[in-house]
Amino acid sequence: MEKRATREAYGEALLELGERYPNVVVLDADLAKSTTSIKFAEAFPKRFIECGVAEQSMMGTAAGLATTGKICYTGSFAIFATQRALEMVRNVIAYSNLNVKFCPTHAGITVGADGSSHQTVEDIAIMRAIPNMRVVVPADYFEAKAAIKAVAEIEGPVFIRLGRLPIPLIFDEHYEFKLGRAIKLREGNDVTIFAIGLMVSAGLEAAASLAKEGIEAEVIDVSTLKPLDTEVILGSAAKTHAVVTAEEHSIIGGLGSAIAECLSENLPTAMRRVGIKDRFGLSGTPDELLKHYGLTSEDIVKEAKDLLQRG
Amino acid sequence: MDREKLRQFLEEKARVLRWDIIKMIGEAGSGHPGGSLSAADIVAVLYFHHMRHRPDDPKWPERDRFILSKGHACPVLYATLAECGYFPREILWTLRKFNSILQGHPDMRRVPGVEISSGSLGLGLAAANGMASAGKMDGKDYRVYVMIGDGESQEGVVWEASMFAAHYKLDNLVAILDNNGLQIDGPVSQVMEIQPVVDKWRAFGWRVLEVDGHNVLDIADTLVEADKTRGQPMMIVAHTIKGKGVSFMENVVDFHGKAPTKEQMEEALKELS
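Top to bottom, those sequences are chains C and S. Note that this note's numbering has the first sequence beginning at 90, numbered continuously upward. Note that this note's numbering has the second sequence beginning at 15, numbered continuously upward.
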């Protein structure tokens with residue numbers, strides 16, 4: 090199965106955005122090679138701003154640029170973009186609904202060997218809590234590329250969470266991203282697997298395993314966590330009455346929380362959350378870490394069967 | 015306008031701003047008089063003499079920009095914008111009240127003429143860098159003025175942003191330090207020393223000028239001199255007195271963030287009339 094990292098989509102999408110919108114400006118904080126924004130820097134050097142290792146300054150600069158009508162894309166690692174620079178993001182950009190897009194890479198634990206200081210398990214929770222902020226977690230390269238391009242047309246701040254690890258392709262270049270739309274990837278009547286990011290392909294694998302045991306799982310790529318596609322979520326839960334969420338993020342404040350909030354207010358449904366259980370990361374290979382933190386398709390299968398009391 | 019008339023005109027504007035500042039904060043019952051009063055002469059010179067701006071067209075793309083990075087001193091900015099005609103003067107008396115456009119710190123989405131929301135210290139200089147960079151990128155000749163506080167200079171992002179401005183040779187950017195020497199917890203020198211501040215900014219690659227921040231003609235001349243700078247950003251270290259213009263507030267730390275009582279307000283207004 091062909092794999093590509095969602096971060097690769099960043100540089101590729103920026104190249105297209107640079108052609109299409111003369112007012113797109115890209116900023117980075119000494120990570121342009123890692124985030125892949127270097128591609129834009131080489132093609133449009135006058136519209137690329139290297140900010141040095143200074144994420145707070147970068148976000149403030151982006152805010153100032155946005156007041157003049159620029160569409161700003163800022164790159165960094167997710168940990169630094171959402172946490173070192175958080176107060177700038179909240180107090181200047183989100184508060185005033187300025188047109189700054191955050192597309193940080195290296196999110197989650199699959200950064201791997203760099204260890205906990207460079208991993209994020211709480212970035213979605215933080216960004217989701219900020220008013221005006223929209224939150225997107227693409228499931229593959231094509232969804233990431235489509236989302237990065239599409240949000241240029243959306244006024245205000247958008248957080249798009251990207252990863253370093255090459256992950257299986259699910260969509261193709263014809264995929265059209267729509268903010269706030271969840272995508273049903275597999276139909277099923279017994280259990281719904283809501284997933285984001287690299288856990289979408291794990292969810293599809295889990296569904297294939299479950300099918301061998303006679304359990305038909307519905308798999309939904311939630312991709313936009315905010316605004317949440319409550320219609321699709323409630324529709325599926327009303328059919329299956331059993332929900333498993335799966336995310337490369339803490340079970341606190343991310344997809345699992347968002348789905349639980351939606352269901353408990355509208356349609357209380359038995360559910361399980363596959364995610365990081367309130368812990369920091371470790372160094373290791375991505376596969377070792379995914380296994381250690383319980384983020385494999387087998388973990389989804391186990392939770393689904395537990396839930397259905399079919400274990 | 016000859017210099018004596020200009021001096022009288024600007025001093026009168028600054029007096030009106032100070033009167034409004036006291037009235038606004040007195041009516042609100044909370045706010046930051048000290049740092050609003052210390053900045054009044056500088057802000058008056060910028061808006062009533064130096065900057066190109068259009069109160070009837072606040073988003074005019076060619077306008078010069080002023081950013082009040084020390085956002086807690088917003089009464090001076092609100093009073094100035096009202097005096098310029100950006101919004102009706104009566105709104106000033108709603109400062110800090112429920113659903114007023116004039117929040118305790120400036121909101122760019124609600125107040126005509128406010129260029130960026132501020133209040134969280136240190137953000138203004140970085141935002142000014144963005145506006146100045148955009149001006150360079152688009153070949154526009156507008157200028158960006160940003161006022162920071164001396165206490166505010168303790169924020170790390172100020173120094174991140176200072177490196178940025180020098181690195182990119184933002185000579186369309188002028189920062190003004192309201193160097194009044196006091197912050198909430200006491201004298202800046204005791205809380206966290208920032209001196210020698212002139213040397214620091216020079217070392218960070220800026221051209222630095224000093225001025226008496228209460229001499230309107232000197233301020234006006236210094237701004238003209240600053241605008242002549244090419245190839246580097248400009249810092250004007252303005253030596254000011256916290257609470258300037260109200261005898262019992264001058265150099266009194268407590269008036270950083272405390273409103274006058276009704277009696278104090280009346281007394282101050284009398285002094286400023």
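Here a beta-carbon is modelled for each residue, glycine too, at the ideal position from N, C-alpha and C.
At the level of alpha carbons, what is the spacing between C/ASP318 and C/ALA155? 28 Å
Can you give me the start and stop residues for the alpha helix (DSSP H) that S/SER147 sits inside? 137-151
Does any residue of chain C bring its CB to less than 8 Å from the CB of S/ARG123? yes
Under a Cβ-count criterion, where at least 16 other Cβ atoms within 10 Å of its own Cβ denotes burial, should C/THR157 be classed as buried or exposed? buried
Between the stretch 236-254 of chain S and the stretch 393-400 of chain C, do three or more beta carbon pairs fall short of 8 Å? No, they do not touch.
Is C/ALA359 closer than 8 Å to C/ALA331 when the C-beta atoms are compared? yes
Threshold first: 3 residues or longer. Then list the beta strand (DSSP E) segments lying entirely within the stretch 114-198 of chain C, N to C. 137-139, 160-164, 189-191
If you count every other CB in all the chains shown that lies within 10 Å of the CB of S/THR275, and 16 or more means buried, which is it? exposed
Span separating the alpha-carbon of C/SER221 from that of S/GLU277: According to the sequence provided, residue 221 of chain C is Asn. The question's Ser does not apply to it. One C-alpha to the other measures close to 43 Å.
Using a Cβ-Cβ cut-off of less than 7 Å, list which residues of the stretch 137-152 of chain S approach chain C; keep chain order. Residues LEU137, ALA140, ALA141, ALA142, ASN143, GLY144, MET145, SER147, ALA148, MET151.
Along chain C, in chain order, which residues have C-beta atoms closer than 7 Å to that of S/VAL171? GLN145, SER146, GLY149
For C/HIS338, which of helix, strand or coil comes out of DSSP? Strand at C/HIS338.
Among S/TYR182, S/LEU286, S/ALA54, which has the Cα closest to the Cα of S/HIS253? S/ALA54
Distance cutoff 8 Å, beta carbons only. Does C/SER165 sit that close to anything in chain S? no
Between S/ILE39 and S/PRO89, which are expected to be in contact by the criterion C-beta below 8 Å, what is the C-beta distance as a whole number of angstroms? 6 Å
Helix, strand or coil: which one does DSSP assign to C/PHE283? Reduced to three states, the DSSP call for C/PHE283 is strand.
Does the distance from the C-beta atom of C/ASP117 to that of C/GLU139 stay below 8 Å? yes
Taking 8 Å as the cut-off, decide whether the C-beta atoms of S/GLY138 and S/ASP192 are in contact. no
With a threshold of 8 Å, are at least 3 pairs of Cβ atoms found where one atom belongs to the stretch 163-183 of chain C and the other to the stretch 244-253 of chain C? yes
Can you list, in chain order, the residues of the stretch 126-143 of chain C whose Cβ is nearer than 8 Å to any Cβ on chain S? Answer in chain order: LYS135, ARG136, ILE138, CYS140, GLY141, ALA143.
Of all the CB atoms in chain C, is at least one closer than 8 Å to the CB of S/ALA87? The beta-carbon of S/ALA87 is placed no less than 8 Å from the nearest beta-carbon of chain C.
Is the beta carbon of C/ARG223 sitting closer than 8 Å to the one on C/ALA94? no
Chain S residues whose Cβ lies nearer than 7 Å to that of C/THR171: Result: empty, since nearest Cβ-Cβ is about 16 Å, beyond 7 Å.
With C-beta atoms as the reference, is S/ILE105 less than 8 Å away from S/LEU91? no
Give every residue of the same chain whose Cβ lies closer than 6 Å to the Cβ of S/HIS64, excluding the five residues on either side of it in the sequence, and list them in chain order. LEU237
Note down, in chain order, every chain S residue with its Cβ under 7 Å from the Cβ of C/TYR184. SER131
Does the pairing of the stretch 269-284 of chain C with the stretch 332-341 of chain C give three or more beta-carbon distances under 8 Å? For the pair of segments examined, the stretch 269-284 of chain C was found to touch the stretch 332-341 of chain C: the number of CB pairs separated by less than 8 Å reaches three.
Is the CB of C/MET177 under 8 Å away from at least one CB in chain A? As a matter of chain content, chain A is missing from the structure shown, whose protein chains are C and S.
Find the nearest neighbour of S/VAL158 within the set S/ASP152, S/GLU166, S/ASN143, judged by alpha-carbon distance. S/ASN143
Secondary structure of C/LEU106, DSSP reduced to three states: helix
Assigned secondary structure, C/MET222 (DSSP; H/G/I helix, E/B strand, else coil): coil
Can you confirm whether S/PHE218, when its beta carbon is compared against all beta carbons of chain C, has any partner nearer than 8 Å? no
Nearest by alpha-carbon distance to S/LEU283: which of S/GLY259, S/ILE56, S/GLN168 is it? S/GLY259
So that I know if they touch, is there some Cβ in chain C lying closer than 8 Å to that of S/ALA189? Under the Cβ criterion of 8 Å, S/ALA189 is not counted among the residues facing chain C.
If the cut is a Cβ gap below 7 Å, which residues of chain C does S/SER52 touch? Those within 7 Å of S/SER52 in chain C number zero; the least Cβ separation is about 24 Å.
C-alpha gap between S/GLN204 and S/ALA140, whole angstroms: 27 Å
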